[in-house]
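Engineer: Pasting a structure here, questions to come.
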Amino acid sequence: MAHTLWYSRCPVATASGIAYQRKMFDEEFQGSEFEVRNIKELGRQQASTHFTHVLKDSFREGGFIPPLWARQNGADTVVVGFTFVAETLRFYVRPDSGIKSFADLKGKKIGLPVRPQLEIDFMHVNAHKAFWGALKEHGMSEEDVQLTDFEIDEDVLATVNADYGQGEKRVVPPLYAGEIEALLRGEVDVVFAKNAEALYTERCYEGRIQMLYDLMTSERDEYKSNANPRPITVSGNTITENPEGVIRYLQVLVRASAFAADNRQQAAEVMATELGVETDDIFKAYQADFNEHLWPTFDEHVLGLARSFMGFMVDKGYLSDKVTLDGWINPEFLREAYRREQIPYAA
């Protein structure tokens, strides 16, 4: 009987998503003692493990905030790699608002969404960090605006590992529909949306919203770091009980990254199917050479961005300063994966 390794990923640019869609995990583990399965198969009752990481023998690649929160709350996890792919970070206003530049936001209501049903409201932190960076980019600060919380009641768990990649027609609304509706009701003056989902949101609300600014144009990665770098985390029990499974899983991610690096168009098509958006959205939502940045790494620049993002969370009260990368990251498994694939270590 095969030993199951569970997989989960965020709806963003990941090697995990490409590997899963191209059945690279199946190819690697066929005939072995391991199999890789999507946590979606466990049903709704286990979907929250994408955020809490309480499921044993599970891997997750995605936004930084839930793994930090899980670590703070005692989850036994290990970071076995990071990625950083610059992505679109867009701010929207109403077309009739008279707001034409970020300077026009002075004194305005900056929308920070609150989703009470989430154990860790990562989308609130995402929005706060985005506005923090954009304000700094424009020589402003939070004192110049009104940070305004507004509540959204929606089923976020339905978006965990959504089955767009299985050929199903997308029926769920944009992930940022709640933000846009609050904007259109006049509760706030500006809201935030990110990555390819922002492009899908724009199509759904065409003519009713106007993009004010895209923080991806900033030259400062510190400002563009929004739940990003993204960690690859694995359950602690898997590290000790099935280290070979960890190495081979990472080998698959390295292969998926190599495929993406050599096949930009195909990588974009796979990602679009995975995320339930159009291929052109991928080219618009991520940096031009996005396909060359999916390599798992422990590069010092990426680690510096991770520490900077953690510093923001500590400063704003979202994270305890007792949570550090020391003792949490383990680069040895990734180093061995690169060695076996005969590819220079990307760190």
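Count along the sequence shown starting at 1, add 144, and that's the number in the numbering used here. Yeah, the Cβ is synthetic: ideal placement off N, Cα and C, and Gly gets one too. Being a predicted model, the structure only gives us computed values, none of them experimental.
Between residue 188 and residue 438, what straight-line distance do the alpha-carbon atoms span, to the nearest angstrom?
Structural biologist: In the sequence shown, counting from the first residue as 1, residue 188 sits at position 44. In the sequence shown, counting from the first residue as 1, residue 438 sits at position 294. The alpha-carbon atoms of residue 188 and residue 438 are separated by roughly 29 angstroms.
Engineer: In chain order, what residues of the same chain lie with their CB nearer than 8 angstroms to the CB of residue 474, ignoring the 5 residues before and after it?
Structural biologist: Start at 1 with the first residue of the sequence shown, and residue 474 comes out as number 330. Counting only Cβ-Cβ distances below 8 angstroms, and skipping sequence neighbours, we find 222, 223, 224 and 383.
Engineer: For residue 471, which residues in the same chain have their Cβ closer than 7 angstroms to its Cβ, ignoring the five residues on either side in sequence?
Structural biologist: Taking the first residue of the sequence shown as position 1, residue 471 is located at position 327. Cβ within range, chain order: n/a, list empty.
Engineer: So, with DSSP's three-state summary, where would you put residue 272?
Structural biologist: For the purposes of this step, residue 272 is identified with residue 128 of the sequence shown, where counting begins at 1. DSSP places residue 272 in helix when its eight states are reduced to three.
Engineer: For residue 348 and residue 154, I'd like the C-alpha separation in whole angstroms.
Structural biologist: Counting from 1 along the sequence shown, the entry for residue 348 is found at position 204. Counting from 1 along the sequence shown, the entry for residue 154 is found at position 10. Distance between the alpha carbons of residue 348 and residue 154 is about 21 angstroms.
Engineer: For the alpha helix (DSSP H) that contains residue 202, what are its first and last residues?
Structural biologist: Locating residue 202 in the sequence shown gives position 58, counting from the first residue. First-last for residue 202: 202-205, but that is the beta strand (DSSP E), not the alpha helix (DSSP H).
Engineer: Look at residue 212 and residue 467 and say whether their C-beta atoms are less than 9 angstroms apart.
Structural biologist: Stepping through the sequence shown from its first residue, residue 212 is reached at position 68. Stepping through the sequence shown from its first residue, residue 467 is reached at position 323. Contact flag set, yes.
Engineer: Apart from the five residues just before and just after residue 228, which ones in its own chain have a Cβ nearer than 7 angstroms to its Cβ?
Structural biologist: Here residue 228 refers to the residue found at position 84 when the sequence shown is read from its first residue. Excluding residues within five positions, the ones whose Cβ falls inside 7 angstroms are 372, 373, 437, 446 and 449.
Engineer: Kindly indicate the opening and closing residues of the beta strand (DSSP E) around residue 222.
Structural biologist: The residue labelled residue 222 in the question sits at position 78 within the sequence shown. Residue 222 -> beta strand (DSSP E) spans 221-227.
Engineer: By how many angstroms is the C-alpha of residue 422 removed from the C-alpha of residue 443?
Structural biologist: As a first step, residue 443 must be located in the sequence shown, where it is residue number 299. As a first step, residue 422 must be located in the sequence shown, where it is residue number 278. Going by the C-alpha atoms only, they are around 31 angstroms apart.
Engineer: To which residues does DSSP link residue 338 through a beta bridge?
Structural biologist: Mapped onto the sequence shown, residue 338 falls at position 194. DSSP output for residue 338 lists 233 as bridge partner(s).
Engineer: Are the beta-carbon atoms belonging to residue 394 and residue 481 less than 9 angstroms from one another?
Structural biologist: Locating residue 394 in the sequence shown gives position 250, where the first residue counts as 1. Locating residue 481 in the sequence shown gives position 337, where the first residue counts as 1. In contact: residue 394 and residue 481 (Cβ atoms closer than 9 angstroms).
Engineer: On the criterion of 16 or more Cβ atoms from any shown chain inside 10 Å, does residue 370 qualify as buried, or is it exposed?
Structural biologist: Position 226 of the sequence shown, counted from the first residue, corresponds to residue 370. By the 10 Å Cβ count, residue 370 comes out buried.
Engineer: Let's test the definition: count the other Cβ atoms within 10 Å of the Cβ of residue 392 and tell me whether it reaches 16, buried, or not, exposed.
Structural biologist: Stepping through the sequence shown from its first residue, residue 392 is reached at position 248. So residue 392 ends up on the buried side.
Engineer: Can you tell me which of the three DSSP states residue 355 falls into?
Structural biologist: By one-based count along the sequence shown, residue 355 stands at place 211. Strand at residue 355.
Engineer: Nearest-angstrom Cα distance between residue 269 and residue 425?
Structural biologist: For this step, residue 269 is matched to residue 125 along the sequence shown. For this step, residue 425 is matched to residue 281 along the sequence shown. Answer to the nearest angstrom: the Cα atoms are 24 angstroms apart.
Engineer: Can you give me the C-alpha to C-alpha distance between residue 247 and residue 266, rounded to a whole angstrom?
Structural biologist: Residue mapping note: residue 247 aligns to position 103 of the sequence shown, counting from 1. Residue mapping note: residue 266 aligns to position 122 of the sequence shown, counting from 1. When rounded, the distance between both Cα atoms is 27 angstroms.
Engineer: Decide yes or no for the touch test of the stretch 176-196 against the stretch 408-423: beta carbon pairs closer than 8 angstroms, at least 3 of them.
Structural biologist: no
Engineer: Can you give me the start and stop residues for the alpha helix (DSSP H) that residue 374 sits inside?
Structural biologist: Along the sequence shown, read from residue 1 onward, the residue named residue 374 stands at position 230. It is not in any alpha helix (DSSP H) - residue 374 instead sits in the beta strand (DSSP E) that spans 374-379.
Engineer: Does the stretch 318-338 come into contact with the stretch 290-299, if we say contact requires no fewer than three beta-carbon pairs (one atom in each stretch) closer than 8 angstroms?
Structural biologist: yes
Engineer: What does the Cβ neighbour count give for residue 177, buried or exposed, with the cut at 16 atoms within 10 Å?
Structural biologist: Numbered from 1 along the sequence shown, position 33 holds the residue referred to as residue 177. It is exposed - the Cβ of residue 177 has fewer than 16 other Cβ atoms within 10 Å.
Engineer: Just to check my reading of the structure: residue 233 and residue 419 have Cβ atoms closer than 8 angstroms, yes? What is that Cβ distance to the nearest angstrom?
Structural biologist: As a position in the sequence shown, residue 233 is number 89, starting the count at 1. As a position in the sequence shown, residue 419 is number 275, starting the count at 1. Rounded to the nearest angstrom, the Cβ distance from residue 233 to residue 419 is 16 angstroms, too far for a contact under 8 angstroms.
Engineer: Under 8 angstroms Cβ to Cβ from residue 484, same chain only, skipping five residues before and after it: list those, please.
Structural biologist: Within the sequence shown, the letter at position 340 stands for residue 484. Closer than 8 angstroms at the Cβ level, and outside the excluded window around residue 484, lie 391 and 395.
Engineer: Going by alpha carbons, who is nearest to residue 299 out of 289, 174 and 316?
Structural biologist: Taking the sequence shown and counting its residues from 1, one reaches residue 299 at position 155. The option with the nearest alpha carbon to residue 299 is 316.
Engineer: Beta-carbon within less than 7 angstroms of residue 163's beta-carbon, same chain only, minus the 5 sequence neighbours each way: which residues are those?
Structural biologist: Counting from one through the sequence shown, the residue named residue 163 turns up at place 19. Shown here for residue 163: same chain residues with a beta carbon closer than 7 angstroms to its own, the five before and five after excluded, namely 169, 396, 397 and 400 in chain order.
Engineer: What residue range does the beta strand (DSSP E) around residue 194 cover?
Structural biologist: Numbered from 1 along the sequence shown, position 50 holds the residue referred to as residue 194. No beta strand (DSSP E) holds residue 194; the alpha helix (DSSP H) holding it covers 193-196.
Engineer: Where does residue 248 sit, in a helix, a strand or coil, going by DSSP?
Structural biologist: Your numbering for residue 248 matches position 104 in the sequence shown. In this structure, residue 248 counts as helix in the three-state DSSP scheme.
Engineer: If you draw a straight line from the alpha carbon of residue 273 to that of residue 174, how long is it in whole angstroms?
Structural biologist: Within the sequence shown, the letter at position 129 stands for residue 273. Within the sequence shown, the letter at position 30 stands for residue 174. In a straight line, the C-alpha of residue 273 is about 42 angstroms away from that of residue 174.
Engineer: Could you have a look at residue 293 and say whether DSSP puts it in helix, strand or coil?
Structural biologist: Locating residue 293 in the sequence shown gives position 149, where the first residue counts as 1. Three-state DSSP puts residue 293 in a strand.
Engineer: What are the boundary residues of the alpha helix (DSSP H) that residue 368 is part of?
Structural biologist: Within the sequence shown, numbered from 1, the residue matching residue 368 stands at position 224. From DSSP, the alpha helix (DSSP H) with residue 368 extends over 365-368.
Engineer: Assuming residue 230 and residue 368 make a contact with CB atoms under 8 angstroms, what is their CB distance in whole Å?
Structural biologist: By one-based count along the sequence shown, residue 230 stands at place 86. By one-based count along the sequence shown, residue 368 stands at place 224. Between residue 368 and residue 230 the Cβ distance is about 5 angstroms, and since that is below 8 angstroms, they are a contact.
Engineer: Can you tell me where the beta strand (DSSP E) holding residue 150 begins and where it ends?
Structural biologist: Mapped onto the sequence shown, residue 150 falls at position 6. That run of the beta strand (DSSP E) goes 147-153.
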